[in-house]
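In my numbering, the protein residues as written are 3 to 227.
Written out as structure tokens, the structure reads:
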């Protein structure tokens, strides 16, 4: 009987794991669509601009800049929840103050204050099209900052100069979930990323081709161009 149970378990576990991964991927896409609705309400009120400052220097004080998640919360567009977090990442360390740590991870990794806005009116979108520009997605950073550990973010950074920067993350069976500027969210394999774009925050969101990605376990960073 024990042998039969062991055989059945070995047959069922892979299927159960795949089902679990599929469920996480679906939840992640649902999260991204909710974030997209919030961003859409924000941009409709602010002349098609999306606030996206440097998270590392964000702060809750009204006298300095905030992370974009904090700004959405301040305006009542998102609630205090994990909707901003990719559910595939199990080791996320939010610290004692869960919400404040969460919202401080969702910003762009550029330090210059003037690069804090994505303009949905950037001329490059007429050439590329909103359906090919992903501005939010599962992303992974090998940061070693104190009290953080490795973390996933939902803002894309197209930079391969440092392992502290966040890359599109192939978290869901070697696919990355992406939210696009036309409002749809979808999963893409690594090879498909080479034909997609993300905003370049140094040029107010002008689109550039996605050039990097992180493997499912986060150990490998791929250069795509």
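Note that CB positions come from ideal geometry on N, CA and C, so glycine has one too.
Three-state class that DSSP yields for residue i in the structure shown
i           : result
residue 22  : helix
residue 49  : coil
residue 167 : coil
residue 121 : strand
residue 6   : helix
Limits of the unbroken beta strand (DSSP E) element including residue i
i           : result
residue 223 : 223-225
Nearest candidate by alpha-carbon position, reference residue i, set the options
i           : options              : result
residue 86  : 3, 123, 47 and 39    : 39
residue 155 : 163, 179 and 175     : 179
residue 47  : 143, 121 and 198     : 121
residue 123 : 169, 81, 201 and 174 : 201
residue 79  : 174, 7 and 36        : 36
residue 168 : 132, 135 and 214     : 214
Residue i burial status per 10 Å Cβ neighbour count (16 or more: buried)
i           : result
residue 25  : exposed
residue 114 : Confidence at residue 114 is low in this model, with a pLDDT of 47, below 50, so its placement is unreliable and the value that follows should be read with caution. Classification for residue 114: exposed.
residue 209 : buried
residue 69  : buried
residue 225 : exposed
residue 125 : exposed
residue 20  : exposed
residue 41  : buried
residue 54  : buried
Boundaries (first-last residue) of the alpha helix (DSSP H) holding residue i
i           : result
residue 126 : 126-130
residue 211 : Taken as a continuous stretch (DSSP letters only), residue 211 belongs to no alpha helix (DSSP H), being part of the beta strand (DSSP E) at 208-211.
residue 74  : 70-76
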